[in-house]
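Numbering (our numbering), first residue to last: 37 to 191. Below is one structure, written out as structure tokens; the observations come after it.
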């Protein structure tokens, strides 16, 4: 599926529960991905966030449990609460330097997420961002690498 080039925002629940949506091409004009836009799109495997997209709002990709690949835009600034919660197939994600906020539970229950790099640009990280990420073994931030030891991340 291809979204027309003149769309600037995908509204609340726009593709929610589109259970057969496997792929989508988003336009470069897109500035915001609304709350729960792709929630429960079980067959969605990858998503490339367009260059101009600033916000990924709450639960935008919640419960997209086959989502394996996410390429964030170098303009993305905000990752909303539970935006990628329950994306069980997601194993890694590169957060660009443009991101300044990651809200509560943004990657909660991404059970295959194993590594993540958090850029220096981050000004605020919410609570429980990586809760139940059972395979998370390494988080790097500002040159520090935190490794998992006895279920705790330590420097």
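Using N, Cα and C, we set each Cβ at its ideal position, and we do this for glycine too. Computed from a prediction, not measured in an experiment: that's the story for all the values here.
Does DSSP put residue i in a helix, a strand or coil?
i           : result
residue 74  : coil
residue 165 : coil
residue 180 : strand
residue 145 : coil
residue 172 : coil
residue 114 : strand
residue 43  : coil
residue 106 : strand
residue 99  : coil
residue 94  : coil
Taking a contact to mean a Cβ-Cβ separation below 7 Å, would you say residue i touches residue j in this structure?
i           : j           : result
residue 150 : residue 173 : yes
residue 69  : residue 46  : yes
residue 110 : residue 75  : no
residue 96  : residue 117 : no
residue 92  : residue 54  : no
residue 86  : residue 62  : yes
residue 50  : residue 57  : no
residue 125 : residue 102 : yes
Residue i: buried (16+ other C-beta within 10 angstroms of its C-beta) or exposed?
i           : result
residue 181 : exposed
residue 145 : buried
residue 64  : exposed
residue 122 : buried
residue 94  : buried
residue 268 : Coverage of the chain is limited to positions 37 through 191, which leaves residue 268 absent and any answer about it impossible.
residue 165 : buried
residue 133 : exposed
residue 106 : buried
residue 112 : buried
residue 38  : exposed
Which whole-angstrom value describes the C-beta separation of residue i and residue j, a residue pair presumed to lie in contact below a C-beta threshold of 8 Å?
i           : j           : result
residue 156 : residue 130 : The Cβ separation is near 14 Å, so there is no contact.
residue 71  : residue 104 : About 23 Å separates the two Cβ atoms, so there is no contact after all.
residue 163 : residue 136 : Rounded, the Cβ-Cβ distance is 17 Å, inconsistent with contact.
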